[in-house]
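S.K.: Under our numbering, think of the first position of the sequence shown as -14, with each following residue one higher. Note that beta-carbon positions come from the ideal geometry of N, C-alpha and C, so glycine has one too.
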Amino acid sequence: MRLIDTHTHLDFPDFDADRSRLLANAAARGVERMVVLGVYQANFQRVWDLACADTRVAAALGLHPVYLDQHRPEHLAQLRDWLERLRGDPRLCAVGEFGLDYYLEALDKDRQQALFEAQLQMACDFELPALLHVRRSHAQVIATLKRYKPARAGVIHAFAGSYEEAREYIKLGFRLGLGGAATWPQAVRLRKTLARLPLESVVLETDAPDMAPVMYPGQRNSPEHLPEIAAALAEVIGIEVDVLADASSKNACELFGW
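(1) Per DSSP, which residues does residue -7 bridge with? Please list them.
(2) On the criterion of 16 or more Cβ atoms from any shown chain inside 10 Å, does residue 171 qualify as buried, or is it exposed?
(3) For residue -10 and residue 24, I'd like the C-alpha separation in whole angstroms.
(4) Return yes when at least one heavy atom of the ligand FAD lies under 7 Å from the C-beta of residue 16, else no.
(5) Return helix, strand or coil for residue 142, following the three-state DSSP convention.
(6) By the three-class DSSP mapping on this structure, what secondary structure does residue 45 have?
(7) Could you give the distance in angstroms between the alpha-carbon of residue 68 and the alpha-carbon of residue 36?
(8) Would a C-beta distance cut-off of 8 Å place residue 20 and residue -7 closer than the cut-off?
(9) Give me the DSSP bridge partner(s) of residue 161.
(10) With a cut-off of 8 Å, do at least 3 Cβ pairs link the stretch 215 to 223 to the stretch 79 to 94?
(11) Taking the CB atoms as reference points, tell me whether residue 80 and residue 45 lie closer together than 8 Å.
(12) Using 8 Å as the cut-off, can you tell me whether the stretch 133 to 151 makes contact with the stretch 104 to 112, which would need three or more C-beta pairs spanning the two stretches below that distance?
(13) Determine, using beta-carbon pairs with one atom in the stretch 179 to 187 and one in the stretch 3 to 20, whether at least three such pairs fall under 8 Å.
(14) Report the option in 239, 192 and 227 whose CA atom is closest to the CA atom of residue 159.
(15) DSSP three-state call for residue 101: helix, strand or coil?
(16) Mind reading off the beta-carbon distance from residue 186 to residue 161? Whole number of angstroms is fine, and I expect it under 8 Å.
(17) What beta strand (DSSP E) runs, 3 residues minimum, are completely inside the stretch 107 to 135?
(18) Can you round the beta-carbon distance between residue 113 and residue 82 to whole angstroms, since I take them to be within the 8 Å contact cut?
(19) Please state whether DSSP places residue 310 in a helix, a strand or coil.
(20) Mark residue 47 as exposed unless 16 or more other C-beta atoms lie within 10 angstroms of its C-beta, in which case mark it buried.
(21) Along the alpha helix (DSSP H) that carries residue 153, what are the first and last residues, could you check?
(22) Can you check DSSP and say which residues form a bridge with residue 83?
(23) Kindly identify the DSSP beta-bridge partner or partners of residue -12.
(24) Checking 8 Å against the spacing of the C-beta atoms, do residue 50 and residue 84 come in under that value?
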């Protein structure tokens, strides 16, 4: 089985003790490639170093809305500098993780929107996919995407919206990132939506170390778990796991130009 983990945070300190072993074990289990995403300016170098050290790792760089209070205006300028410097380097695959988070009420919505639009413009300028964090903000994200119309589209990370919202993203060319959340039986609405999604619109992800699947409750998530996540999601959708794995990997390769 050939798998691609389209969303991980392997640069996080959670993996410092066993990162090399984890990468080798994930590869042995069929996880051929992993995308590691930047979330604030201070981890851009760590993300890039990982991509340079291992051919299985690709990098994305962005400013995550959850870290809104850490971001400074100069960090946007520095992000643009990074994208300019790495333009055309195949190890850089996207802009992300960025987006809108309306779940955390303390995060100022106007500042989030300005940060979101600035990075979306960069994705358009550099013709890179956008890897988007969207939490309780689907309507605003969809409206913004309709204004910008990014040519390479991207991925709605950890998609947990309605079928109608999924259709809007798909019309805009976006793929929907599926991971541990839908493996939990409590995610009733999401599991019903999954079964209706066209296979050409989905990609698999772990969000490691977060979003542990039902078979690893309370544990650190890892790309090593992607085979089990894929199997659980395939059961929810009602298809063979190999069919889901092949479709997801094909979609990811098309999106990232691999």
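M.R.: So, to answer that:
(1) 21 and 193
(2) exposed
(3) 17 Å
(4) The ligand FAD is absent from the structure shown, which contains no ligands of any kind.
(5) strand
(6) strand
(7) 14 Å
(8) yes
(9) 141 and 187
(10) no
(11) yes
(12) yes
(13) no
(14) 239
(15) helix
(16) 6 Å
(17) 115 to 120
(18) About 13 Å; that fails the 8 Å criterion.
(19) There is no way to answer for residue 310, as the model of the chain reaches only from -14 to 243.
(20) buried
(21) 148 to 156
(22) 117
(23) 16
(24) yes
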